[in-house]
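One structure below.
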Amino acid sequence: MSLDWPVRSIFSNVTFWKCYFWQEGYKLPPDGFLELVNHEEPVSPHQAAYLRQHNATRTKWRYCRLELPLEKHWLRLQFDPQCESINLSLGARSGKCIELGWDDQAHWHPHVLRCEELDLFCRCIAVKDPGLPHPGVSLLLFSRFAPVTDSEDSHRALSVLSEAWKSLKLFDDEEIADFLKMVDFRSTGVEWQRDQQLNWTLHLDRDLHPGTGLYTLRCAENPEFPFEQLRTALNEAAQIAGAQS
Numbered sequence: 046m047s048l049d050w051p052v053r054s055i056f057s058n059v060t061f062w063k064c065y066f067w068q069e070g071y072k073l074p075p076d077g078f079l080e081l082v083n084h085e086e087p088v089s090p091h092q093a094a095y096l097r098q099h100n101a102t103r104t105k106w107r108y109c110r111l112e113l114p115l116e117k118h119w120l121r122l123q124f125d126p127q128c129e130s131i132n133l134s135l136g137a138r139s140g141k142c143i144e145l146g147w148d149d150q151a152h153w154h155p156h157v158l159r160c161e162e163l164d165l166f167c168r169c170i171a172v173k174d175p176g177l178p179h180p181g182v183s184l185l186l187f188s189r190f191a192p193v194t195d196s197e198d199s200h201r202a203l204s205v206l207s208e209a210w211k212s213l214k215l216f217d218d219e220e221i222a223d224f225l226k227m228v229d230f231r232s233t234g235v236e237w238q239r240d241q242q243l244n245w246t247l248h249l250d251r252d253l254h255p256g257t258g259l260y261t262l263r264c265a266e267n268p269e270f271p272f273e274q275l276r277t278a279l280n281e282a283a284q285i286a287g288a289q290s
């Protein structure tokens, strides 16, 4: 069984990981990482007009699209060859797709998964594709969407992430520590809470932490977030991962 993700080349690619996580001093290859592209979408007329205003022309958008199929849903991680924008979406077999979060260097809202949920999805990936063991590459790719907070078992979460980085055999302890800083939100006031409907939401007391930002769609102020769909997808992932545990 295989998910057929075009990611084998990044297992030993130091440059990719530094570019993907926008590490200081990273140098993007001239054409980005075209070897990862497995999906194209036509440029809309509105997008084409915007591109012309900026002296750019193209007819297609190219992406690396990594999908985890579940029973009735799928989880999708997608990024462009230049790693400028990374998106996480949840879809249903009926065709509806909902953006859960995104990370770019302009208006980012990546924080959407609890560490426990990220771990579950990655264990499910490992069942679907033994070539993507957990903790490993899949955990690293999805990790930017799961902030490590004091409201969880942060020690375990960071230890598992560190183990995933070490599995690449590409970076020393100091470099790994730099990668971990990107998802380490301990002591910032950011924490997971359950609302009256028992939905997990990301919370920040801005009065106590005025210098911290909350970059998430999964918050109490956003009733449009697909809480029920995500909960169902997690249950489906648990059934797949649990069947092989």
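So the sequence shown is numbered by our numbering: it starts at 46 and just counts up by one.
Note that beta-carbon positions come from the ideal geometry of N, C-alpha and C, so glycine has one too.
Range of the contiguous beta strand (DSSP E) that encloses residue i
i      : result
Thr246 : 245 to 248
Cys64  : Note, Cys64: premise wrong, no beta strand (DSSP E); alpha helix (DSSP H) at 59 to 65.
Ala137 : 131 to 137
Ile143 : 142 to 148
His154 : Premise fails: His154 is in no beta strand (DSSP E) and is neither H nor E.
Lys72  : Here Lys72 belongs to no beta strand (DSSP E), and DSSP marks it neither H nor E.
Leu43  : The question about residue 43 has no answer here: the residues shown for the chain are numbered 46 through 290.
Glu86  : 84 to 87
8 angstroms contact criterion, which residue i and residue j should meet: CB distance rounded
i      : j      : result
Asn132 : Glu144 : 6 angstroms
Tyr108 : Val82  : 7 angstroms
Val206 : Phe166 : Reading the sequence as shown, one finds Leu at residue 206 and not Val. Not quite, the Cβ-Cβ distance comes to about 14 angstroms (not below 8 angstroms), so this is no contact.
Ser199 : Arg239 : At roughly 18 angstroms, the Cβ-Cβ gap does not stay under 8 angstroms, so Ser199 and Arg239 are not in contact.
Pro192 : Val235 : 6 angstroms
Phe187 : Trp210 : No, Phe187 and Trp210 are not in contact; Cβ-Cβ is about 14 angstroms, not under 8 angstroms.
Asp174 : Leu48  : 4 angstroms
Pro87  : Thr104 : 7 angstroms
Glu197 : Glu161 : 7 angstroms
Cys142 : Ser130 : Not a contact, Cβ separation roughly 16 angstroms.
Thr277 : Gly146 : The pair is not a contact, with the Cβ atoms about 18 angstroms apart (cut-off 8 angstroms).
Phe291 : Leu213 : The first residue shown for the chain is 46 and the last is 290, placing residue 291 beyond what the model contains.
Leu163 : Leu184 : 7 angstroms
Val13  : Val52  : The structure shown does not extend to residue 13, since the chain is modelled only from 46 to 290, so the question has no answer here.
Cβ-based neighbour list, residue i, same chain, cut-off 8 angstroms, excluding 5 preceding and 5 following
i      : result
Cys264 : Thr246, Leu247, His248, Phe270
Tyr71  : Thr60, Lys63, Cys64
Arg45  : This structure does not reach residue 45, given that the chain is present from 46 up to 290, and the question cannot be answered.
Residue range of the unbroken alpha helix (DSSP H) whose run includes residue i
i      : result
Tyr95  : 90 to 98
Phe124 : First-last for Phe124: 118 to 124, but that is the beta strand (DSSP E), not the alpha helix (DSSP H).
Ile170 : 160 to 173
Own chain, CB closer than 6 angstroms to residue i, minus 5 neighbours either side, in chain order
i      : result
Val59  : Leu215
Ser290 : The predicted position of Ser290 is uncertain, since its pLDDT is 42 and thus under 50; a value taken from the coordinates is nonetheless stated next. Within the same chain, Ser290 has no close Cβ partners at all.
Leu259 : Leu249
Asn244 : Phe272
Chain-order list of residues whose beta-carbon lies under 7 angstroms from that of residue i (same chain, five-residue window excluded)
i      : result
Met227 : Phe66, Arg189
Arg110 : Asn83, His84, Arg121, Gln123
Arg168 : His179, Ala286
Arg97  : none
Contact with chain C by residue i, beta-carbon distance below 8 angstroms
i     : result
Leu79 : In the structure shown, chain C does not exist; there is a single protein chain.
message = What ranges does the alpha helix (DSSP H) occupy inside the stretch 187 to 238, keeping only unbroken runs of at least 4 residues that lie completely in it?
response = Correct list: 199 to 213, 218 to 226.
Item checked: Contact the stretch 147 to 161 vs the stretch 172 to 183: 3+ CB pairs below 8 angstroms -> The answer is no - the stretch 172 to 183 does not touch the stretch 147 to 161, with fewer than three Cβ pairs under 8 angstroms.
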